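Visitor: Heads up: the sequence shown at position 3 corresponds to 3 in our numbering, and the numbers run straight through without jumps. Got a structure for you, questions after.
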Amino acid sequence: MGCFTFDLQHTINLSLAASPMTYNTPSMAPIQSRYHAQDEFGQYSFSFAGGPSSRSETRDLFGNVRGSFNYVDANGEVQNQYYVSDAEGFRVEATNLPVAPEVPEVPALQPVQYTPEVCSC
1 MGCFTFDLQH TINLSLAASP MTYNTPSMAP IQSRYHAQDE FGQYSFSFAG GPSSRSETRD
61 LFGNVRGSFN YVDANGEVQN QYYVSDAEGF RVEATNLPVA PEVPEVPALQ PVQYTPEVCS
121 C
């Protein structure tokens, strides 16, 4: 038990009972391989792999970035992502992106039939 006095009239007694704390942390597989390289022009390349995931990325002299990564989702399925970021924008391909529904077939357009009133002009 501790005692803390902050002025002459008030005293606070503190109970400093030690309570054990437990932490539930998932067991992580160690990283099995790792690579990183970089130069003075801003180019870089890195990758790592370990456990159920991996990642790699490169950046060239013009700022174009390409990379990929994968992981195991909550359903136990391996998900893969591939991405590019360059002058054309950011583009991604992935195994877990939603697929748009099929577009129904549109009938061929018929040429406009002019009426006699339009043809007489």
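Glycine included, every Cβ here is placed at the ideal spot set by N, Cα and C. No experiment lies behind these values; they were computed from the predicted model shown.
Give the straight-line distance between the Cα atoms of Arg91 and Pro107, rounded to the nearest whole angstrom.
Guide: As a first step, residue 91 is located in the sequence shown; it is residue number 91 there, counting from the start. As a first step, residue 107 is located in the sequence shown; it is residue number 107 there, counting from the start. So the two alpha carbons sit approximately 32 Å from each other.
Visitor: Identify every run of the beta strand (DSSP E) within the stretch 74–108, keeping only runs that are complete inside it and at least 3 residues long; order them along the chain.
Guide: 78–86 and 89–94
Visitor: Nearest-angstrom Cα distance between Val118 and Gln110?
Guide: For the purposes of this step, residue 118 is taken as the residue at position 118 of the sequence shown. For the purposes of this step, residue 110 is taken as the residue at position 110 of the sequence shown. Cα to Cα, Val118 sits roughly 18 Å from Gln110.
Visitor: Quick one: what's got a C-beta closer than 6 Å to Tyr83's C-beta in the same chain, skipping five residues either side?
Guide: If you number the sequence shown from 1, residue 83 lands on position 83. If the five residues before and after Tyr83 are omitted, its C-beta is found closer than 6 Å to the C-beta atoms of Gly67 and Val92, all from its own chain and listed in chain order.
Visitor: Determine the DSSP secondary structure at Glu40, reduced to helix, strand or coil.
Guide: On the sequence shown, position 40 is the one that residue 40 refers to. Of the three classes helix, strand and coil, the one that applies to Glu40 here is coil, per DSSP.
Visitor: Hey, how far is the Cα of Ala94 from the Cα of Tyr114?
Guide: The residue you call residue 94 lines up with position 94 of the sequence shown. The residue you call residue 114 lines up with position 114 of the sequence shown. Looking at the backbone, the Cα of Ala94 and that of Tyr114 are separated by about 51 Å.
Visitor: Can you look up Val112 in the DSSP assignment and give me helix, strand or coil?
Guide: Here residue 112 refers to the residue found at position 112 when the sequence shown is read from its first residue. Note: Val112 maps to coil in three-state DSSP.
Visitor: Could you tell me the alpha carbon to alpha carbon distance between Arg55 and Val99, rounded to whole angstroms?
Guide: The count along the sequence shown starts at 1 and reaches residue 55 at position 55. The count along the sequence shown starts at 1 and reaches residue 99 at position 99. Between Arg55 and Val99, the C-alpha separation is close to 24 Å.
Visitor: When you compare the CB positions of Tyr35 and Pro52, do they come within less than 8 Å of one another, or not?
Guide: Sequence index remark: in the sequence shown, residue 35 carries index 35 (1-based). Sequence index remark: in the sequence shown, residue 52 carries index 52 (1-based). No, Cβ-Cβ distance for Tyr35 and Pro52 is not below 8 Å.
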